[in-house]
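A short worksheet on the structure shown next.
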Amino acid sequence: MVTAPFAVNAHASRGRLYDEPASPTRSPWQRDRDRVIHSSGFRRLQYKTQVFINHEGDFFRTRLTHSLEVAQIARSMARHFGADEDITEAIALAHDLGHTPFGHAGEDALSLAMEPWGGFDHNTQALRQVTVLEQRYLQFDGLNLTWETLEGLVKHNGPVSHVSGWLRDYTAAQDLELHTFASLEAQLAALADDIAYHGHDLDDGIKSGLLTLDDLVDVPVVSDALREARRIAATLPPRPVTSFGAGSRTGDAPTTASASIATQDQRLRHEMVRRIVHALVSDVLKQTEKNLVALEPKSASDIRHAAKPVVSFSPAMGEANAQIRSFLFANLYRHWKVKRMTHKAKHVVAELFDTLGSSPGLLPDGWREQADAAADEAGRRRVVADYLASMTDRFAMEEHRRLTDLSVPG
Numbered sequence: 000m001v002t003a004p005f006a007v008n009a010h011a012s013r014g015r016l017y018d019e020p021a022s023p024t025r026s027p028w029q030r031d032r033d034r035v036i037h038s039s040g041f042r043r044l045q046y047k048t049q050v051f052i053n054h055e056g057d058f059f060r061t062r063l064t065h066s067l068e069v070a071q072i073a074r075s076m077a078r079h080f081g082a083d084e085d086i087t088e089a090i091a092l093a094h095d096l097g098h099t100p101f102g103h104a105g106e107d108a109l110s111l112a113m114e115p116w117g118g119f120d121h122n123t124q125a126l127r128q129v130t131v132l133e134q135r136y137l138q139f140d141g142l143n144l145t146w147e148t149l150e151g152l153v154k155h156n157g158p159v160s161h162v163s164g165w166l167r168d169y170t171a172a173q174d175l176e177l178h179t180f181a182s183l184e185a186q187l188a189a190l191a192d193d194i195a196y197h198g199h200d201l202d203d204g205i206k207s208g209l210l211t212l213d214d215l216v217d218v219p220v221v222s223d224a225l226r227e228a229r230r231i232a233a234t235l236p237p238r239p240v241t242s243f244g245a246g247s248r249t250g251d252a253p254t255t256a257s258a259s260i261a262t263q264d265q266r267l268r269h270e271m272v273r274r275i276v277h278a279l280v281s282d283v284l285k286q287t288e289k290n291l292v293a294l295e296p297k298s299a300s301d302i303r304h305a306a307k308p309v310v311s312f313s314p315a316m317g318e319a320n321a322q323i324r325s326f327l328f329a330n331l332y333r334h335w336k337v338k339r340m341t342h343k344a345k346h347v348v349a350e351l352f353d354t355l356g357s358s359p360g361l362l363p364d365g366w367r368e369q370a371d372a373a374a375d376e377a378g379r380r381r382v383v384a385d386y387l388a389s390m391t392d393r394f395a396m397e398e399h400r401r402l403t404d405l406s407v408p409g
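So in numbering that gives the first Met the number 0, spot 17 of the sequence shown is number 16, and the numbers just go up one at a time.
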């Protein structure tokens, strides 16, 4: 139950762009969350890259599993503060809906290609996805989410300083007050995003073999978590070897007696990641409580108009968090094996954009009609960007082959 005076309040909601009767069984935020979960964009996150492209392994995180982990962390923190859990979850689940195939590599390529045509970024694209591109309802395009959810989606990382042409046009019709901070709930979703990807990218990096546990001994917070996990492991009696049968492909499950050492490392890894997430979450809760005491907000509006984010790490943990990020960039995201895949992914996205942008008649039905109806070249290029951003990793690779390989039917 929501008790905090600074939480978003369904009775004070600014409503939806298109009027709809209220649900008799769900709050506005529950309805928003459910619409996100049932959207086509949310389903496609299952096959969009987090760090490792989908075909590199079945057991790495995708944008979908990342979003679920963000939602779990964000909702737990919202409960702690008496904030609204449902809108927190809705924003967390929707925050990556604008991501291209191949993660940030795809976004970088599409952003560069769209520079002359109004630019591209995944936060604005997430807003386009839920207001324009989802076409599930007879009465309107988009999901017709509440003002508060849309505001949280576009501003969860803070006020928007660079307003693209499309976003400027959209906010002329529905002002999302881009110059202010978002609600506490949206800010919680933003910090949960950092916490989730630091935990699971370390996990996947080790699982992939690109990182080892010993690589982490000097990383702040991570090293403490690893040291404590190893200390606990050293106090436990030997664990009996378990065999799950030859040929098993259950990810972390051992298949033979020789896998018992690997199983111990896997357990250490999981224990370490749990402790990392706990340390980061605990710090956010403690520091945010201090920030709330200092601000004394009486409403959600007080949160929005504060001089700085209310949800934050402590200064010390903020520095540690930055060092974790730097470690991941240097040792995982820029690992030569990841960079090879990133290079190929950028090439695929750039070539798709060039081909379809210069020859929009190659677009499939529906998309081609939208391109033909565009008022100018910028509008046509935006349609191509929407088409590319909607693709999964697998579909992008298949479409690239269809357009470049004569042996593949178009």
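For glycine and all other residues, C-beta sits at the position ideal for the given N, C-alpha and C.
Smallest Cα separation from residue i: which of the options?
i: Glu84; options: Phe139, Tyr169, Ala21 and Val7; result: Val7
i: Thr262; options: Lys206, Asn290 and Ala224; result: Lys206
i: Glu88; options: His79, Pro158 and Ala73; result: Ala73
i: Met316; options: Ser163, Gln369, Val218 and His121; result: Val218
i: Leu63; options: His98, Met76, Arg34 and Phe80; result: His98
i: Phe394; options: Ala370, Leu351, Asp95 and Ala125; result: Leu351
i: Arg333; options: Arg135, Ser39, Gln71 and Leu210; result: Leu210
i: Asp404; options: Gly102, Leu327, Ala370 and Val347; result: Val347
Which term fits residue i, buried or exposed, when burial requires 16 or more other beta carbons within 10 angstroms of its beta carbon?
i: Ser406; result: exposed
i: Leu331; result: buried
i: Leu137; result: exposed
i: Ile90; result: buried
i: Pro253; result: Model confidence at Pro253 stands at a pLDDT of 45, short of 50, so the residue's coordinates are unreliable and nothing is read from them.
i: Ile194; result: buried
i: Ala188; result: buried
i: Ile231; result: exposed
i: Gln45; result: exposed
i: Ala245; result: Low confidence applies to Ala245: its pLDDT is 45, below 50, so where it sits in the model is not reliable, and the reading given next is rough at best. Classification for Ala245: exposed.
i: Thr391; result: buried
Based on the DSSP secondary-structure assignment, which residues constitute the bridge partners of residue i?
i: Arg135; result: Note: Arg135 sits in no beta bridge, so no partner.
i: Arg15; result: Thr145
i: Thr48; result: Thr61
Along the alpha helix (DSSP H) that carries residue i, what are the first and last residues, could you check?
i: Thr354; result: Trp335 to Ser357
i: Arg60; result: Note, Arg60: premise wrong, no alpha helix (DSSP H); not H, not E.
i: Ser163; result: Looking at the DSSP string, Ser163 is not in any alpha helix (DSSP H), and its letter there is neither H nor E.
i: Asn330; result: From DSSP, Asn330 is part of no alpha helix (DSSP H); its letter is neither H nor E.
i: Gln128; result: Segment: none, Gln128 is in no alpha helix (DSSP H) and carries neither H nor E.
i: Ser207; result: Leu183 to Ser207
i: His103; result: Gly102 to Ala112
i: Thr87; result: Glu84 to Ala93
i: Ser300; result: Ala299 to Arg303
i: Ser39; result: Ser39 to Arg43
I need the straight-line Cα distance from residue i to residue j, nearest angstrom please.
i: Pro308; j: Ile302; result: 8 Å
i: Leu402; j: Asp353; result: 11 Å
i: Ser247; j: Ala172; result: Unreliable placement is indicated for Ser247, whose pLDDT of 43 sits below 50; the coordinate value is still reported in the next sentence. Rounded to the nearest angstrom, the two C-alpha atoms are 55 Å apart.
i: Glu19; j: Leu166; result: 24 Å
i: Gly360; j: Arg367; result: 6 Å
i: Glu397; j: Ala374; result: 30 Å
i: Arg15; j: Thr145; result: 5 Å
i: Leu149; j: Met340; result: 33 Å
i: Ser12; j: Asp264; result: 49 Å
i: Val129; j: Thr234; result: 51 Å
i: Gly356; j: Val383; result: 6 Å
i: Pro4; j: Ala299; result: 7 Å
i: Ala70; j: His277; result: 15 Å
i: Ala181; j: Asp174; result: 13 Å
i: Phe101; j: Leu109; result: 11 Å
Can you tell me whether residue i sits near the ligand SAH, meaning its C-beta is under 8 Å from at least one heavy atom of the ligand?
i: Met316; result: Of ligands this structure carries none, so the ligand SAH is not represented either.
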